[in-house]
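Protein chains in written order, with our numbering: chain F, 1 to 428; chain X, 429 to 742.
Beta carbons are placed, not taken as given, at the ideal position from N, Cα and C, and that holds for glycine.
Worksheet: the structure to be examined is printed underneath.
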Amino acid sequence: MKRRDLLKAGIAGILVSRQAPVFAQANTVHILRWNDFVPAADKVLREVFAPEVQKALGIKLNVETINANDLPARATAAIQSGSGPDIILLLNNYPHLYASAGVDVSALADEVGKAQGGIYAPAVRLNKVGGKWVSMPWSLVPSLVAYRKSWFDEVGAKSFPKTWQEYLATGKKLKANKHPIGQTLGNTFGDAPTFTYPLLWSFGGQEVDGKGKVVLNSKATLQSVKFMVQFWKDACDEGGLAWDDSNNNRSFLSGDISATVNGASIYVAALNAPDKFKTEKGEPLHTDILHSPLPAGPNGVHNYHTAHNHMVMKYSKNQKGAIEFLRWAHKPENLEKWIVVQKGYAVGTTKVWEKHPMWKDYPVMAPFKTAAAGQSRLMGHAGEPNGKAAEAWNKFIVTVMYAQACSGKMTPEESVKWAAGELGKIYT
Amino acid sequence: MGRGRARQDLHLRAEQVRVSRLTRLLESEKALAAALLAPGVAILVIFIAYPFVMALWYSLTSIRVGDPGHFVGLDNFTKALNDLIFQQAFKNTVFYTFWATIFKLALGMWLALLLNRSFRFKRIVRASMLLPFIIPTVLSAFAWRWMFDPTFSVMNWALYHGGIITDRLPFLSSGDWAMWCAVLVNTWRGMPFFAITLLAGLQTISPDLHEAAALDGANAWHRFWNVTWPLLLPVTLVVVVFSVIQTFSDFQLIYVLTGGGPANSTHLIATYAYQIGVGSGLLGEGAALSLFMFPVLFAVVWVQLRYLKRMENG
Chain F
1 MKRRDLLKAG IAGILVSRQA PVFAQANTVH ILRWNDFVPA ADKVLREVFA
51 PEVQKALGIK LNVETINAND LPARATAAIQ SGSGPDIILL LNNYPHLYAS
101 AGVDVSALAD EVGKAQGGIY APAVRLNKVG GKWVSMPWSL VPSLVAYRKS
151 WFDEVGAKSF PKTWQEYLAT GKKLKANKHP IGQTLGNTFG DAPTFTYPLL
201 WSFGGQEVDG KGKVVLNSKA TLQSVKFMVQ FWKDACDEGG LAWDDSNNNR
251 SFLSGDISAT VNGASIYVAA LNAPDKFKTE KGEPLHTDIL HSPLPAGPNG
301 VHNYHTAHNH MVMKYSKNQK GAIEFLRWAH KPENLEKWIV VQKGYAVGTT
351 KVWEKHPMWK DYPVMAPFKT AAAGQSRLMG HAGEPNGKAA EAWNKFIVTV
401 MYAQACSGKM TPEESVKWAA GELGKIYT
Chain X
429 MGRGRARQDL HLRAEQVRVS RLTRLLESEK ALAAALLAPG VAILVIFIAY
479 PFVMALWYSL TSIRVGDPGH FVGLDNFTKA LNDLIFQQAF KNTVFYTFWA
529 TIFKLALGMW LALLLNRSFR FKRIVRASML LPFIIPTVLS AFAWRWMFDP
579 TFSVMNWALY HGGIITDRLP FLSSGDWAMW CAVLVNTWRG MPFFAITLLA
629 GLQTISPDLH EAAALDGANA WHRFWNVTWP LLLPVTLVVV VFSVIQTFSD
679 FQLIYVLTGG GPANSTHLIA TYAYQIGVGS GLLGEGAALS LFMFPVLFAV
729 VWVQLRYLKR MENG
């Protein structure tokens, strides 16, 4: 074939396909996400999504993953410099904090919600700012208690304790048996606030009232802090003050702790490596793990599930490509590939995923199936999960309130007063 | 032909004039100094002066991520002064800098005196001593974090199995312990810098002075105190100034080792400013917090340099 013939054939190909060759499109989408606690999920993005979206839409997907605790810093740097990833994963209500930097994705959110049975109410509140979707909800990671059934049986707890007082009584026995409860009270994004906020709510404490006035310094809050101090001393591994989100996974999998608030990453890791993680009797560890919601306090049962949202950045030069990628990724036949490897650790933000057949394969994961649907409260309760609530969350004020009292740095009264003061500075 | 020659001559003369102008310019000390300084000044302006001025401006505004904000005067500074975590971070920074510098100086001096002696494998020992300083801080801090891990600490394991402790030591889960752990790691990392610089200083001291002092009956301590220490003082002061600046503005080590925890007990000014400014997107407040470092460091450097100058003059 002569050079001239080759050129002719190429041009003819472009005319027939009505599409520029891939190399000429420069249609690259750079997405920044966390290092998933289920590594197989990142693998799906890189090894399945990337080639498939390239084939389907001609989009070259560049997946970058970093520590979840560093996401806000990367987002800030990218927004201020006006350059960086086209899509950034923002946890919880951070979309409110960065609302002005996000492209309006209302059309996409409406389309996905309509086609998939509706988006869960908490995800709507976390991503919609001023009536506009500033980010697209991607998944929810339910936080429940993972616990060792056999060790709970040993101390006479045939089912998971229903109230905090029962949990304390059981925890005392577990700690005496050298199987303490493990809980982080460190400055970390997930397992700390997903424990401390529900604890506060279940005792009747709240950050603000419906009008945004700080009401944290209350009898109910103080009760919850006093309870936590006792719970910490009598039932918990006190090293948890220095834990991040990965410490409890390691401690549980190595047989050091008997229970911990967690996404299902512990169970999924044990399930994926039955020969590596075993009970003291040599059985696969996953056969001895169950999940439960947190116990009830005087004000009922509350849980908080971490929301994962994708923001298409306004500075992006490829906003169209980024939205097209998200539209493609949210199609059930595509998203399913990512959801299935999570085995229930992360659930979809639309109701359609509750009916997926995968739930039949993992009965232990059943509490995760509808956990997101049952979530009634968000940070900043009883106000909105707005930028101020995000700032309070990001400064770990509620978690530090408990940590200061548990470490003896402050009395419960001093710590509650301190936290209310810090919230007051944000909500002025 | 004649015209061509004339044109060639003209070109040659013009070239000679140009060369002589350039030579004159280069021979001018002022012009040469300016030319040589220009790249350095440009780097300083772009990478130090500009960010500093921007930080100053940010600190006077309510800028937050994605929102340019407006001028708020000294509000951010007032807010910082009333912030209990910042107050603690400030105290922590002073504590951390003071003790880490003391330990680095004492141990660095001791190490330098040892390395100044002749022994087998001296070169290998000197080179390996620099390892903590060469390894990226993030990596070494991660290694230390593992050694201090609340559950899997190798030190706890060794002490427990050695029968020395019956319960885990709370290396990073107690505020006081965590702060001392940070001082320890900083000392480990910074001591080689002290040792190698002081060693260089020691090698400039003539052995004759020691011999003369020894002949006069001075013992080892007297020789160190009356001969070595005074002659080493200028070098020591410079090293201390550098160390104070680096330690006071330290970020990486605390960020990796403790993240400011537990319960904000180990935040330094830099890590807290980062959490507020970058982590929470409150850029104005973060800039104000970080600027609190400036007057302190300026005062330290000024006092030490003044002392040094007085010594040189005296």
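Proximity of residue i and residue j at Cβ, strictly below 8 Å
i, j, result
"F/H30", "F/P198", "no"
"F/V364", "F/H291", "yes"
"F/A296", "F/K173", "no"
"X/E713", "X/K519", "no"
"F/M136", "F/N309", "yes"
"X/P598", "F/G408", "no"
"F/A390", "F/L97", "yes"
"F/M311", "F/G102", "yes"
"F/K278", "F/L285", "yes"
"F/L429", "F/H305", "For residue 429 of chain F there is no data in the structure shown, the boundaries of chain F being 1 and 428."
"F/A146", "F/N262", "yes"
"F/A77", "F/W34", "no"
"F/A322", "F/I119", "no"
"X/M557", "X/A628", "no"
"F/W418", "F/N92", "no"
"X/D495", "F/S316", "no"
"F/A123", "F/A307", "yes"
Residue burial classification, residue i (beta-carbon count within 10 angstroms, cutoff 16)
i, result
"X/Y735", "exposed"
"X/Y478", "exposed"
"F/E207", "buried"
"X/Q647", "Rather than Gln, the amino acid found at residue 647 of chain X in this sequence is Asn. Flag for X/N647 reads exposed."
"F/Q230", "exposed"
"F/M228", "buried"
"X/P690", "buried"
"F/T196", "buried"
"F/E413", "exposed"
"X/D644", "exposed"
"F/P51", "exposed"
"X/M607", "buried"
"F/P21", "Note on F/P21: pLDDT 49, under 50, position unreliable in the model; the coordinate value appears next. Exposed, because fewer than 16 other Cβ atoms sit within 10 Å of the Cβ of F/P21."
Boundaries of the beta strand (DSSP E) in which residue i is found, first to last residue
i, result
"F/H310", "T306 to V312"
"F/E64", "K60 to I66"
"F/M136", "M136 to V141"
"F/H30", "T28 to W34"
"F/L235", "At residue 235 of chain F the sequence reads Ala, which differs from the Leu that was named. Element bounds for F/A235: not the beta strand (DSSP E) but the alpha helix (DSSP H), K219 to A235."
"F/R148", "L144 to R148"
Extent of the continuous alpha helix (DSSP H) run through residue i
i, result
"X/M776", "The structure shown has nothing for residue 776 of chain X, since chain X only spans 429 to 742."
"F/W450", "As displayed, chain F neither begins before 1 nor continues past 428, which places residue 450 of chain F out of reach and without an answer."
"F/S292", "F/S292 -> not in any alpha helix (DSSP H); beta strand (DSSP E) instead, spanning I289 to S292."
"X/Y524", "L512 to L543"
"X/P551", "Inspection of the sequence shows that residue 551 of chain X is occupied by Arg rather than by Pro. Counting along the chain, the alpha helix (DSSP H) containing X/R551 begins and ends at K550 to M557."
"X/V500", "Where X/V500 is concerned, there is no enclosing alpha helix (DSSP H), given that its DSSP letter is neither H nor E."
"F/A192", "Counting along the chain, F/A192 falls outside any alpha helix (DSSP H), and DSSP gives it neither H nor E."
"F/A392", "G387 to N394"
"X/E713", "L711 to L719"
"X/P658", "W657 to F676"
"F/G130", "Neither: F/G130 is in no alpha helix (DSSP H) and is coded neither H nor E."
Cut-off 8 Å between Cβ atoms - residues of its own chain near residue i, not counting five sequence neighbours on either side
i, result
"X/L681", "T565, A569, A610, V613, N614 and R617"
"F/K337", "V44, V48 and F49"
"X/I476", "none"
6 Å CB neighbourhood of residue i in its chain, flanking five on each side removed
i, result
"F/F23", "Residue placement at F/F23 is poorly supported in this model, since its pLDDT is 43, which falls under 50; the coordinates still yield a value, given next. Nothing meets the Cβ criterion."
"X/R435", "none"
"F/I148", "In the sequence as presented, Ile is not what sits at residue 148 of chain F; that position holds Arg. Closer than 6 Å at Cβ, skipping near neighbours: S258 and D288."
"F/V352", "Q116 and G117"
"X/W605", "P598 and F599"
"X/F576", "F599, L600 and C609"
Same chain, Cβ closer than 7 Å to residue i, five either side skipped, listed in chain order
i, result
"F/A420", "V214, L216 and N217"
"X/H638", "R651 and V655"
"X/L460", "L454"
"F/W133", "D104, V105, S106, A109 and N127"
"X/P688", "The question names Pro, yet the displayed sequence has Gly at residue 688 of chain X. Only I682, T694, H695, T699, Y700 and Q703 meet the Cβ criterion."
"F/L222", "P412, E413 and V416"
"F/Q25", "Residue confidence is low: F/Q25 scores 49 on pLDDT, short of 50, so the model does not pin down where it sits. No coordinate-derived value is stated."
Sequence ranges, alpha helix (DSSP H) only - wholly within the stretch 629 to 653 of chain X, length at least 4: 635 to 643 and 648 to 651
Write down every uninterrupted run of the beta strand (DSSP E) in the stretch 239 to 287 of chain F whose length is 3 residues or greater and which is fully enclosed by it, in chain order. Segments of the beta strand (DSSP E) lying fully in the stretch 239 to 287 of chain F: 259 to 262.
Whole alpha helix (DSSP H) elements within the stretch 70 to 110 of chain F, 4-residue minimum: Secondary structure within the stretch 70 to 110 of chain F: the alpha helix (DSSP H) runs of 4 or more consecutive residues, fully enclosed, are 71 to 81 and 94 to 97 (chain order).
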